[in-house]
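Residue numbers (our numbering): 41 to 166.
C-beta atoms are modelled at their ideal positions from N, C-alpha and C, and glycine is treated no differently.
Have a look at this one:
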């Protein structure tokens, strides 16, 4: 059990602290899970996470989650979607969106794909 005091995260300030697209920053950790913040625009790579569900929560803007065999889901500010483990998907933002991701620690951002957007190291908020 941690003896450190809880730390609050001000989302607006956290998003203002970086500009990189598709480069999630860990904002908090709990029970083996990570809460990540990302700025996104354009199309991400098609991928899946074999052993992990992935939660997308749109803080600002819009995010479309596309699926190979199902209709895409459009998420607006204040909406979330859980993509079940093993489901191939591709996040797309026609304009910049700020999103929160919730997934098991060490989940690779591009899942089962290796791509130029693959992060090899965990990046934390400053």
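Identify which residue in the options has its Cα closest to the Cα of residue i.
i	options	result
residue 160	113, 86 and 65	65
residue 153	85, 76 and 62	85
Could you tell me the distance, in whole angstroms, from the CA atom of residue i to the CA atom of residue j?
i	j	result
residue 113	residue 141	16 Å
residue 92	residue 136	26 Å
residue 71	residue 45	16 Å
residue 96	residue 120	5 Å
residue 59	residue 111	31 Å
residue 55	residue 78	8 Å
residue 61	residue 82	9 Å
residue 52	residue 109	35 Å
residue 133	residue 47	30 Å
residue 118	residue 103	11 Å
Should residue i and residue j be called a contact, given that it needs their Cβ atoms to be closer than 8 Å?
i	j	result
residue 101	residue 156	no
residue 80	residue 131	yes
residue 115	residue 99	no
residue 163	residue 63	yes
Tell me which same chain residues have a C-beta within less than 7 Å of the C-beta of residue i, skipping the five on either side of it?
i	result
residue 166	57
residue 158	148, 149 and 150
residue 67	49, 54, 75, 76, 77 and 165
Who are the Cβ neighbours of residue i in its own chain at under 8 Å, not counting the five residues just before and after it?
i	result
residue 73	142, 143, 144 and 145
residue 41	With a pLDDT of 49 at residue 41, under the threshold of 50, the modelled position of this residue cannot be trusted; read the value that follows with caution. No residues qualify anywhere along the chain.
residue 69	75 and 145
Tell me which same chain residues have a C-beta within less than 6 Å of the C-beta of residue i, skipping the five on either side of it?
i	result
residue 129	105, 107 and 123
residue 126	88 and 90
residue 94	123 and 143
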